[in-house]
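Novice: Handing you this structure, nothing more for now.
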Amino acid sequence: MPERFLNVSSEIGKLKIVLLHRPGRELERLTPQYLQELLFDDIPWLKKMKEEHDGFAKMMEDRGCQTYYYETLLDEILKDRTIRFNFITDIVTNCNIKNVDLERLLIEFLQGKTVEEIVEIAIAGLHKRDFPDIERELHLVDYIRREYPFYINPLPNLYFTRDIGAVIGEGLSINKMKTAARDRETMFLKYIYQYHPTFKREVTPLWYDYKETHSLEGGDILVLSPKVVAIGCSERTSAAAIETISQRLFKESNIEKVIAVEIPCTRAYMHLDTVFTMVDQDKFTIYPGIEDTVKAYELTAGKMTPKVKPMDSLKDALKNALNLPAIKFIQSGGGDEITAAREQWNDSTNTLAIAPGVVVTYNRNESSNETLRQHGIEVIEIEGSELVRGRGGPRCMSMPLVREDL
Ligand SMILES: NC(=[NH2+])NCCC[C@H](N)C(=O)O
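Its first residue numbered 529, the sequence shown is counted upward by one per residue in our numbering.
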C-alpha cells in the first residue's frame, strides 16, 4: 500500500506543504454592482494584492514550507484530453446557463483553448464580450439574463483556499460551500483529488464531498489534535453538516471528539476562524466581542448520529477534550473594545500558525499583534492592505496539506 500524502494532525505543527492561489484577473472582474453577491466589501488593487500575496508565500517558503498552487495542479491534470473535456463540460454546466445551444457553443469555444487558457477562464470567468458573437437563436433566458455580464462567473474568493477543503488526519474534506459564488472552487479541488497523482486518491479517504446537501466551509474547521476537531456552527456551516462529517470521522479516522462551536450568524464573523484560532499547544486567540455568546457542544460517536453534550463553556470543552489543566485565551484588540472590533474586521484573530507558538498575521492589526507577543507568541507580520479587502487573513489564504506531527 503506498504511503499517504496528506497529513494534518494539529493546527500548529510545523507547516510543510500548503495549497495557495495567487490572486489574478478574477479580481479585476469585481464591480460595485456585484460586490455583495461575490462576497466582497471593496474593490482591491490587483497589482499590490499580488505583491502582498507573493510576500506571504515567500515568508512561508523561507520557513521551510512548500507552496502548491491551484493553477499549477490544474494545468498538470488537464493535459489529459478526457479529463480536460469533462472539466470543461462541468464548468459550463456549473454556470447555470440553462440554454443548451449556448452551452454547446461554450464547450466548443473552450475546447479550442490551451490548457493554460482554460484554467485562466475557469478561474477568472468569461465576460460576454470575450465570447465570439456567433449567430444563434436567442432563448428566453438570454433576454432575462441580458444585464448579467458573464457567461462564466469569476471566482474572486479562490485565494481563500482554506474554505474549499480541509485535511483532517490523513483524509480530505471537499467542502460544500454555502453560496453559489464559491461553488465552482470546490469542483477544482475534487478534480485535483481525483486525478493528481500527488494526492494519492487510492489511499486518501474523503470525509465530505461538495455534492452533499449541507454546507460546510473550511474556515470553520480547526484540527486541534490527532483526536479532536473543532467545527464552527456559523453563517456558513450548518449543524447537519457537522453531524454528518463527525459521524464519519468517528467511524473511519482517529478523531474521537468534535467540539461544535456555535457563533453568531453574521457577515463579520462568517467562519469560526474570524473570531478564534489556535496559536500554541494551550493558547488560543479570541475576539472578546463574542467570548460571552459562544456555545460549545461535545460530539462523540453515536449509533446513527453523534451523541451531543452541551458544555459549560468553550474553555471547558477545550480543556476536557485536549486533556489540559488550563487553557489560555488571548484576547485580540489589546483590551480595548473598539480596537478589538476594528481589528477583528481586518482579521486580527485569523492567525496562521506555521509552528507551535509562531503565527503569521497582518501588520495592520498592531494592538492584537502586540498582545500576542506579550503572551510569548512569535508574530510574523505580512502586508495585507489589499488582501484584507476580501475579508480574510493568513489562515483563510492557506490550506495546509501537510504539517509535522507534534
Ligand atoms: N476562512 C475565512 N474566514 N475565509 C474568509 C472568506 C472571505 C470570503 N470573501 C467569503 O466571504 O467567503
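Ideal Cβ placement from N, Cα and C applies to all residues, glycine included.
If you're wondering where the values come from, they're calculated on a predicted model, not measured in any experiment.
Does the Cβ of residue 872 have 16 or more other Cβ atoms within 10 Å, making it buried, or fewer, making it exposed?
Specialist: buried
Novice: Across the stretch 722-738 and the stretch 569-582, are there enough close Cβ pairs to call them in contact, namely three or more that are closer than 8 Å?
Specialist: Verdict: no, contact absent.
Novice: Just checking residue 920 against ligand 1 - is the residue's beta carbon closer than 7 Å to any of the ligand's heavy atoms?
Specialist: Yes.
Novice: Taking C-alpha atoms, which residue in 543, 644 and 618 lies nearest to residue 632?
Specialist: 618
Novice: Starting from the N-terminal side, write out each stretch of the beta strand (DSSP E) that is 3 residues or longer and does not extend beyond the stretch 759-841.
Specialist: 785-790, 804-808, 811-814, 823-828 and 835-838
Novice: How many Å lie between residue 862 and residue 752 at the Cα?
Specialist: 25 Å
Novice: Helix or strand or just coil, what does DSSP make of residue 736?
Specialist: strand
Novice: Run through DSSP, which three-state label would residue 918 get?
Specialist: helix
Novice: Distance, Cα to Cα, residue 858 vs residue 813?
Specialist: 5 Å
Novice: Quick check on DSSP: helix, strand or coil for residue 719?
Specialist: DSSP places residue 719 in helix when its eight states are reduced to three.
Novice: Buried or exposed: residue 927, going by 16 or more other Cβ atoms within 10 Å of its Cβ?
Specialist: buried
Novice: Hey, how far is the Cα of residue 933 from the Cα of residue 630?
Specialist: Here the alpha carbons of residue 630 and residue 933 stand approximately 50 Å from one another.
Novice: Beta carbon of residue 567: closer than 7 Å to some heavy atom of ligand 1?
Specialist: yes
Novice: Distance check for residue 634 and residue 621, CA to CA, integer angstroms please.
Specialist: 10 Å
Novice: Between residue 541 and residue 931, how many whole angstroms is the CB-CB distance? I'm expecting something under 8 Å.
Specialist: 4 Å
Novice: Have a look at 914, 883, 882 and 875 and flag the residue whose alpha-carbon is nearest the alpha-carbon of residue 897.
Specialist: 875
Novice: Restricting to Cα atoms, I'd like to know which of 529, 684, 665 and 869 is closest to residue 569.
Specialist: 684
Novice: Report the start-end ranges of each beta strand (DSSP E) in the stretch 548-621 that is 3 residues or longer and not cut off at the edges.
Specialist: 594-597
Novice: Using a threshold of 7 Å, is the CB atom of residue 798 nearer than that to any non-hydrogen atom of ligand 1?
Specialist: yes
Novice: Which one or two residues does DSSP pair with residue 704 in a beta bridge?
Specialist: Paired residue(s): 744.
Novice: Answer yes or no: the CB of residue 712 versus the heavy atoms of ligand 1, is any distance below 7 Å?
Specialist: no
Novice: DSSP three-state call for residue 931: helix, strand or coil?
Specialist: Annotated three-state conformation of residue 931 is strand, per DSSP.
Novice: Do residue 817 and residue 791 have their C-beta atoms within less than 8 Å of each other?
Specialist: no
Novice: By a C-beta neighbour count over all protein chains shown, 10 Å radius and 16 as the cutoff for buried, is residue 890 buried or exposed?
Specialist: Under the 10 Å beta carbon count, residue 890 is surrounded by 16 or more other beta carbons and is classified as buried.
Novice: Considering only the beta carbon of each residue, do residue 921 and residue 904 sit closer than 8 Å?
Specialist: no
Novice: Can you tell me whether residue 801 sits near ligand 1, meaning its C-beta is under 7 Å from at least one heavy atom of the ligand?
Specialist: Using a cutoff of 7 Å, the CB of residue 801 counts as near ligand 1, since one of the ligand's heavy atoms is closer than that.
Novice: With a cut-off of 8 Å, do at least 3 Cβ pairs link the stretch 590-602 to the stretch 543-555?
Specialist: yes
Novice: Is any non-hydrogen atom of ligand 1 found closer than 7 Å to the C-beta of residue 924, if you look at the structure I gave you?
Specialist: yes
Novice: Please check the pair residue 968 and residue 774, which I expect to be a contact at CB under 8 Å, by giving their CB distance rounded to whole angstroms.
Specialist: As shown, the chain starts at 529 and ends at 934. That puts residue 968 outside it, with no answer to give.
Novice: Do you know how far the Cα of residue 678 is from the Cα of residue 558?
Specialist: 11 Å
Novice: According to DSSP, simplified to helix, strand and coil, what is residue 642?
Specialist: The DSSP-derived three-state label of residue 642 is coil.
Novice: Please state the DSSP three-state secondary structure of residue 626.
Specialist: Coil, per DSSP.
Novice: Only counting runs of 4 or more residues, tell me where the alpha helix (DSSP H) segments fall wholly within the stretch 837-921, in order along the chain.
Specialist: List check, alpha helix (DSSP H) in window: 842-850, 865-873 and 894-902.
Novice: So for residue 544, helix, strand or coil by DSSP?
Specialist: strand
Novice: May I ask you to report which of helix, strand or coil DSSP gives residue 484?
Specialist: No information on residue 484 is available, as it lies outside the stretch 529 to 934 that the chain covers here.
Novice: What residue range is occupied by the uninterrupted alpha helix (DSSP H) comprising residue 669?
Specialist: 668-672
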